[in-house]
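Residue numbers for the sequence shown, in our numbering: 157 to 391.
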Amino acid sequence: MRPLPKLLTCASTEEWLDLLVQDFKALAGETSSRGKPVHVALCGGETPRPFYEALRQTALPWPQIHWWLGDERCVPIDDPYSNQRMICETLGKDHPSFEKNWHPWPSDVSPDEAARLYEKELGVRLGTPPVFDLILLGIGEDGHTASLFPGSPALEITGRMAVVNRLPEAARAVGASERLTLTYPVLNAARQVWFLVSGEKKRSWVEAMERDPDGSFPAARVKAANQTIHWRRDA
Ligand code: 6PG
């Protein structure tokens with residue numbers, strides 16, 4: 157069983173962005189007002205781009221916010237398929253405070269070493285399991301989340317916080333048969349998890365997430381206590 161997420165449905169991208177930015181400002185403001193750093197794990201893919209663009213232009217307690225990445229594709233950081241590249245082009249572009257608190261996966265070592273180093277940095281800064289104030293997640297068209305794909309080995313890993321995951325043939329995109337991902341112990345420990353979902357094509361996953369406590373697809377296996385789906389239906 158898992159706690160069912162709250163569903164917030166937005167008819168337009170503008171409404172979706174307004175809601176997300178306000179909720180994020182409230183979360184970051186509340187945490188930083190208690191003198192605590194705000195640790196956020198970002199998601200990749202296309203859906204979050206306009207949200208990251210909007211956040212970049214938002215008055216936030218930037219020096220207190222630490223930006224991590226829930227998963228990464230095993231490609232060079234200048235590859236169009238890199239999540240690090242996408243986030244630096246949207247959220248971090250020309251922002252004076254972003255770089256100092258940006259924690260991407262190591263890219264100049266092997267995937268196994270990158271997972272080991274990321275897990276070590278998470279442990280030093282956030283403990284084991286690392287407790288994020290907020291983890292952003294997407295839902296893929298096969299029900300995956302982060303880089304936890306149906307039928308992939310990382311779904312069953314509980315003794316590691318950050319791993320390399322070998323994608324099943326069906327899930328392989330160009331140039332990334334392997335990915336780096338946080339595991340369920342980290343996702344489940346987060347104070348808040350927000351699923352950012354766009355388009356009618358994902359309605360079946362959204363409805364299953366909201367209604368089925370025993371969902372077995374990867375996104376439905378996230379068991380964080382406080383989950384919200386921010387669904388923008390117009391995309
Ligand atoms: C990634 C993401 C992945 C993504 C979903 C949805 O690295 O691709 O972390 O889990 O959130 O695939 O992607 P879209 O937003 O592009 O539909």
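In this text, a Cβ means the ideal position worked out from N, Cα and C, and glycines have one as well. Remember, it's a predicted structure, so these values are computed and weren't measured experimentally.
- Inside the stretch 284-358, DSSP marks whole beta strand (DSSP E) runs of 3 or more residues at positions 290-293, 318-322, 334-338 and 349-354, from first to last along the chain.
- Under the three-pair Cβ rule at 8 Å, the stretch 377-384 counts as touching the stretch 335-352.
- Shown here, T384 sits in a strand according to DSSP, grouped into three states.
- Pairing W223 with D368, the inter-Cα distance amounts to about 31 Å.
- Remark: the C-beta of E209 is outside contact range of ligand 1, defined as less than 7 Å to any heavy atom.
- Annotation for R205: the continuous alpha helix (DSSP H) segment containing it runs R205 to R212.
- Within the model, the alpha-carbon separation for S360 versus H300 is close to 13 Å.
- Beta-bridge partners assigned by DSSP to C166: R388.
- In this chain, V280 is not harboured by any beta strand (DSSP E); it is covered by the alpha helix (DSSP H) spanning P267 to L282.
- Residue environment for S354: buried (at least 16 other C-beta atoms within 10 angstroms of its C-beta).
- Per DSSP, I243 is one residue of the alpha helix (DSSP H) stretching across N239 to T246.
- By the neighbour-count criterion, in which 16 or more other beta carbons inside 10 Å mark a residue as buried, M242 falls on the buried side.
- Bridge pairing for V362: absent [DSSP].
- By the beta-carbon neighbour count (other beta carbons within 10 angstroms, threshold 16), V280 is exposed.
- Here A197 carries a strand assignment [DSSP, helix/strand/coil].
- Of the other Cβ atoms in all chains shown, fewer than 16 fall within 10 Å of the Cβ of G307; this residue is therefore exposed.
- Distance from the CA of D268 to the CA of F207, rounded to the nearest whole angstrom, comes to 31 Å.
- Residue pairing from DSSP places D227 in a beta bridge opposite T337.
- Short note on S189: C-beta not closer than 7 Å to any heavy atom of ligand 1.
- Approximately 17 Å separates the beta-carbon atoms of E245 and H259; this is outside 8 Å, ruling out the contact.
- Cβ contact annotation for P159 (same chain, cutoff 6 Å, sequence separation greater than five): A381, in chain order.
- For N239, the closest C-alpha among the options G315, E363, L163 and L293 is that of L293.
- In the three-state DSSP reduction, W218 falls in the helix class (H, G or I).
- When rounded, the separation of the alpha-carbon atoms in G191 and A376 is 33 Å.
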